[in-house]
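Enquirer:
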Amino acid sequence: MLFTELMHSIHPHLMKDADVPSFTRNIIQMLCDIPEKDWYTKKDPSSEQRYKDESLRKFYNRGLTKKLAKSMLGRLNKDNFVESINDPDRNDVVLEGLVNDIRPFYNDNLDVLNVADVLFDLFHKSLEYIVNPELENDRKIRQAQHYSDKAKGNFGSGLVDDCKYTCSMSLCGKHLQTLGIHNQSVADYEIILIDESKGLTYDNLIAVCHECFQKYTLSHTNADEKNLKAIKKLQADARSSRQTLDDIEINKGIDLVIENLSNAKPSELKKLTYDPVSVSRKIDENTSYFLVNDIKNNVTRYYQYIKNTMRNLSLKNVYSDDLIRAQMKESYKQLAAKKLSPEQIFYELSERIRRITKQDIRFCYIVVSYFVQSCEVFHDITK
Numbered sequence: 011m012l013f014t015e016l017m018h019s020i021h022p023h024l025m026k027d028a029d030v031p032s033f034t035r036n037i038i039q040m041l042c043d044i045p046e047k048d049w050y051t052k053k054d055p056s057s058e059q060r061y062k063d064e065s066l067r068k069f070y071n072r073g074l075t076k077k078l079a080k081s082m083l084g085r086l087n088k089d090n091f092v093e094s095i096n097d098p099d100r101n102d103v104v105l106e107g108l109v110n111d112i113r114p115f116y117n118d119n120l121d122v123l124n125v126a127d128v129l130f131d132l133f134h135k136s137l138e139y140i141v142n143p144e145l146e147n148d149r150k151i152r153q154a155q156h157y158s159d160k161a162k163g164n165f166g167s168g169l170v171d172d173c174k175y176t177c178s179m180s181l182c183g184k185h186l187q188t189l190g191i192h193n194q195s196v197a198d199y200e201i202i203l204i205d206e207s208k209g210l211t212y213d214n215l216i217a218v219c220h221e222c223f224q225k226y227t228l229s230h231t232n233a234d235e236k237n238l239k240a241i242k243k244l245q246a247d248a249r250s251s252r253q254t255l256d257d258i259e260i261n262k263g264i265d266l267v268i269e270n271l272s273n274a275k276p277s278e279l280k281k282l283t284y285d286p287v288s289v290s291r292k293i294d295e296n297t298s299y300f301l302v303n304d305i306k307n308n309v310t311r312y313y314q315y316i317k318n319t320m321r322n323l324s325l326k327n328v329y330s331d332d333l334i335r336a337q338m339k340e341s342y343k344q345l346a347a348k349k350l351s352p353e354q355i356f357y358e359l360s361e362r363i364r365r366i367t368k369q370d371i372r373f374c375y376i377v378v379s380y381f382v383q384s385c386e387v388f389h390d391i392t393k
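So, in structure tokens, the structure goes:
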């Protein structure tokens, strides 16, 4: 709500020492033309006779009631407000602070000379928005669209890459690109501020579809925000992991291993006759049960085949077994240093191999599972 956003923004510079009820009373007095005969009576919207301190705290945090907003609209006095802001005893530091406080709400030129007029106009609009909520919704969308357009220039391509061109919102799978009639791709997304109280920084921005953009902008709960922050963290961790792994070369010979695996006949895939216990020693089954189960299944089914393939390729000097193992171990160590979960590490290593080999991700999972069993990936947690 614009009214509460303005109040919270300017309080640190305007009457910063006043408590919330006193500050709110003062703002109402500055905005309204109250006849002297009505001062301190119930006709005075800023008086204690009209509203107790607790009510004023609610106005400050949740917004004015529609009844009070209507009453204030009929009493607005711009000259009185501007004169109060531009009081000769108020130094330029305060005015400069106000300029910075309300800049996010105003896109035109703003300085100490016009900040009082602009602030009054913003409060005027905020009251109209309370009386007519549709106007407030329009304002929210316009402001969010302004931020989205601005963020696209600096962060757009990276953010849609983070979410793999799919809406970041939970339970939404809309693609963030459309194809033209000649197969040209066109970006089709918006960027939202996860926490509206924070600025346009990478950690506070995420790419979504137009529908989710509008829903989140108009109304979202603390739970929605918390969920989006968790999704953003996963995206940021994945980006950081990609950048880390890009610095570590993985020999292209791994492609030969996966190529052989993809062409293997069922009769060649002999299951192990023992339980791959080293996996359980490296990953806690209590916290990563499904990952451990998947790796064990891969190891049981494919470990011996991959081991034989790697040995044969190495003997033919078309593949460096020692080099690949060293590179996988270093890749793991770099990801582990970032305190990523076992699931994230496993996935990022698999994705790295997929990007190099351009092969089916399932085969990449199998190869990484092999390296888990053969001790290049994950440390023994039982020691």
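So the number in the numbering used here is just where the residue sits in the sequence shown, counting from 1, plus 10.
Note that CB positions come from ideal geometry on N, CA and C, so glycine has one too.
For A154, which residues in the same chain have their Cβ closer than 6 angstroms to its Cβ, ignoring the five residues on either side in sequence?
Expert: T227
Enquirer: Quick test of your reading: V125 and L105, contact by CB under 8 angstroms. State the CB separation rounded to the nearest angstrom.
Expert: 6 angstroms
Enquirer: Using the C-alpha atoms, what's the distance from I293 back to T392?
Expert: Per-residue confidence for T392 stands at a pLDDT of 49, beneath the threshold of 50, marking its modelled position as unreliable; the derived number appears in the next sentence. For T392 and I293, the distance between alpha carbons rounds to 10 angstroms.
Enquirer: Could you check which residue in C385, Y312, A347 has the C-alpha nearest to that of I334?
Expert: C385
Enquirer: If you count every other CB in all the chains shown that lies within 10 Å of the CB of Y61, and 16 or more means buried, which is it?
Expert: buried
Enquirer: Runs of 4 residues minimum, wholly inside the segment 97 to 148: which ones carry the alpha helix (DSSP H) assignment?
Expert: 102 to 112, 125 to 141
Enquirer: Put E206 into one of helix, strand or coil per three-state DSSP.
Expert: coil
Enquirer: DSSP puts S195 in a beta bridge; with which residues?
Expert: L189
Enquirer: Please name the residue, chosen from N87, K88, L132, that lies closest to G108 on a Cα-to-Cα basis.
Expert: For the sequence presented, residue 108 should be read as Leu rather than Gly. Out of N87, K88, L132, L132 has the C-alpha closest to the C-alpha of L108.
Enquirer: Consider the Cβ of S32: report whether some Cβ of chain C lies at a distance smaller than 8 angstroms.
Expert: Checking the listed chains, one finds no chain C in this structure; it contains a single protein chain.
Enquirer: DSSP state of V387, grouped into three classes?
Expert: coil
Enquirer: Tell whether a beta-carbon distance below 8 angstroms holds between S298 and E361.
Expert: Judged by beta-carbon spacing, E361 lies beyond the 8 angstroms limit of S298, meaning their Cβ atoms are not closer than that value.
Enquirer: For a quick check, are the C-beta atoms of L146 and M11 less than 8 angstroms apart?
Expert: The sequence shown places Glu at residue 146, not Leu. A contact, by the Cβ cut-off of 8 angstroms.
Enquirer: Quick check on DSSP: helix, strand or coil for I293?
Expert: coil
Enquirer: Check C222 in the structure and name its three-state DSSP category.
Expert: Here C222 sits in helix by DSSP.
Enquirer: Thinking just about the alpha-carbon of each residue, which of R113, L83, I371 is nearest to the one in Y139?
Expert: L83
Enquirer: Pick out whichever of D331, H389, T367 has its Cα sitting closest to the Cα of K2.
Expert: Within the shown structure, residues of the chain are numbered from 11 to 393, placing residue 2 beyond reach of any answer.
Enquirer: On the CB-based measure, 16 or more other CB atoms within 10 Å of its CB, does D29 come out buried or exposed?
Expert: exposed
Enquirer: Have a look at P55, T51, K47 and flag the residue whose alpha-carbon is nearest the alpha-carbon of M40.
Expert: P55
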